[in-house]
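Reading through the structure tokens given below for one structure.
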Amino acid sequence: MSQPAVKYTGPPRVFSGMQPTGDLHLGNYLGALKKFVDLQHSHECVYCIVDLHAVTVWQDPKILAAQTRNIAAAYLAAGVDPDKAIIYPQSAVRGHTELAWFFNCVARIGWLSRMTQFKEKSGKNSENMSVGLYDYPVLQAADILLFKATHVPVGEDQKQHLELSRDIAQKFNNDFEVPGFFPLPEPLIKGPGARIMSLRDGTKKMSKSDPSVNSRINLTDNADAIAKKIRKAKTDAGVIPESLKELDDRPELANLVGIYGAFAEISKQQVLDKYAGKGFGVFKPALAELAVEILHPITERMNDYLKNPDETDRVLAKGAQAANQIAEPILAEIRDVMGFWKLKP
Ligand code: TYM
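Using our numbering, the final residue of the sequence shown is 345, and nothing's skipped along the way.
The structure is reproduced here in structure tokens:
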């Protein structure tokens, strides 16, 4: 899509979300959650637990609310401060579903049919998937633009969905002749944590749905489990090389170097500079130590929050109220732009 003729001039705002479908893993943490924490110091931030996205595949109603609370506990344990950032469950802000419908009438079927994540998730079974799963990226655009968010911290797997959000924002601005009404949200994807791969196969993304528990480190893993999974991580027989080029055909090592870099907040090259010539007998224990040092306190704090659900619920209730306060006037403005009937004051 072409660049907007008129730029959005509203205030910068960060928005992101995670699905309440099982435990968060290292990919979720390094790809997104760690950035959530960093950004709250410099930006107004809105962090959602996207339960409406979760139900695009079957979720047991008996555990959905508890799963939502678990993700909120993970946000808090990782360091998202509810006095600085808004944390709330998506379903508590009705504007998400309303704006998703408006955007359903803006987005084109051709745009959705290009979405690779739907193809991956549905495989050969696409006819039996929910309509919601197909429409998922439109709801994601609504999430972001309901807050006129300008920046979206996510892992690399969300890049295509962010491009769709920009296309929808741009088409809305054009179709309704409101140049600069919606910002074109920018994905914040950079850094070695943006694409964390499976510990068992360096060519596959670390994912909640991988049947092998050794493929991922969960935020609920204790120190022993973290160390064991890193010790067992697939590697080759070589030593740590000097140059990044030499990582090209060693995907498992490239992944571990990236994880080290993301934890230590240094580049992959700086990790190589530190360990070049050393074997995995040196590198893996050092990585395990670093991982435990950073993840263990998060796990401990998370367990505390899980033991005290009332505190998490209070954060979610306050967050929902604050999120609604931002979203409602924006939604009213969108309804005006689209020309819906309203009672004269
Ligand atoms: P979800 O719940 O699958 O993942 C949450 C976040 O974790 C990132 N992530 C990874 N990053 C690096 N390496 C990995 N292996 C890895 N696996 C997951 C994801 O990129 C994501 O940032 N559609 C989104 C949720 C969503 C959303 C939004 C995000 C709904 N609406 C609006 C941003 C803005 C999703 O399913 O994330």
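We put the CB at the ideal spot given by N, CA and C, even for glycine.
Could you check the C-alpha separation between residue i and residue j for me, to the nearest Å?
| i | j | result |
| --- | --- | --- |
| Lys84 | Asp221 | 28 Å |
| Phe283 | Tyr275 | 7 Å |
| Leu306 | Ile230 | 26 Å |
| Phe176 | Asp273 | 54 Å |
| Phe181 | Gly110 | 24 Å |
| Arg301 | Met338 | 46 Å |
| Val292 | Ala264 | 12 Å |
| Pro82 | Leu24 | 19 Å |
| Arg108 | Gly202 | 35 Å |
| Ala322 | Ile226 | 37 Å |
| Gly95 | Gly132 | 17 Å |
| Lys318 | Thr312 | 10 Å |
| Asn128 | Lys121 | 12 Å |
| Asp377 | Phe172 | Given a span of 1 to 345 for the chain in the structure shown, any question on residue 377 remains unanswerable. |
| Tyr75 | Lys344 | 43 Å |
| Ser243 | Gln269 | 7 Å |
| Asn174 | Asp167 | 10 Å |
| Arg420 | Gly31 | With the chain represented from 1 up to 345, any question about residue 420 goes unanswered, as that position is not in the structure. |
| Ser16 | Ile144 | 7 Å |
| Asn104 | His53 | 15 Å |
| Val6 | Phe147 | 19 Å |
| Val55 | Pro20 | 9 Å |
| Pro179 | Lys124 | 41 Å |
| Ala223 | Asn214 | 14 Å |
| Leu139 | Thr97 | 7 Å |
| Gln67 | Ala327 | 24 Å |
| Asp336 | Lys204 | 46 Å |
| His41 | Leu33 | 14 Å |
| Leu331 | Ala141 | 14 Å |
| Thr116 | Gly155 | 15 Å |
| Val152 | Asp236 | 36 Å |
Does DSSP put residue i in a helix, a strand or coil?
| i | result |
| --- | --- |
| Ile266 | coil |
| Glu289 | helix |
| Gly261 | helix |
| Asn218 | strand |
| Lys205 | strand |
| Pro12 | coil |
| Ala100 | helix |
| Val213 | helix |
| Pro187 | strand |
| Met197 | strand |
| Gly132 | helix |
| Ala85 | strand |
| His41 | coil |
| Met115 | coil |
| Pro309 | helix |
Does the ligand TYM have a heavy atom nearer than 7 Å to the CB of residue i?
| i | result |
| --- | --- |
| Asn28 | yes |
| Ser113 | no |
| Ile230 | no |
| Ser346 | The chain is shown from 1 up to 345; residue 346 falls before or after that span and cannot be answered. |
| Gly22 | no |
| Met206 | yes |
| Arg166 | no |
| Gln158 | yes |
| Ile144 | yes |
| Arg94 | no |
| Ala32 | yes |
| Val50 | yes |
| Lys194 | At residue 194 the sequence reads Ala, which differs from the Lys that was named. Under cutoff, so the answer is yes. |
| Gln67 | no |
| Val37 | no |
| Val131 | no |
| Gly202 | no |
| Val46 | no |
| Gln19 | yes |
| Val80 | no |
| His161 | yes |
| Gln140 | yes |
| Gly155 | yes |
| Val315 | no |
| Val152 | yes |
| His53 | yes |
State the CB to CB distance for the pair residue i and residue j, rounded to an integer number of angstroms; the pair is presumed to be in contact (CB under 8 Å).
| i | j | result |
| --- | --- | --- |
| Ser212 | Met206 | Not confirmed; about 11 Å, so no contact. |
| Asn324 | Val93 | 5 Å |
| Val239 | Gly191 | Between Gly191 and Val239 the Cβ distance is about 26 Å, and since that is not below 8 Å, they are no contact. |
| Ser112 | Pro137 | Strictly speaking, residue 112 in this sequence is Leu, with Ser absent from that position. Right, their Cβ atoms sit about 7 Å apart. |
| Ala78 | Tyr29 | 7 Å |
| Thr150 | Pro183 | 5 Å |
| Glu246 | Lys234 | Actually they do not touch by this definition, with Cβ atoms about 18 Å apart. |
| His43 | Val14 | 5 Å |
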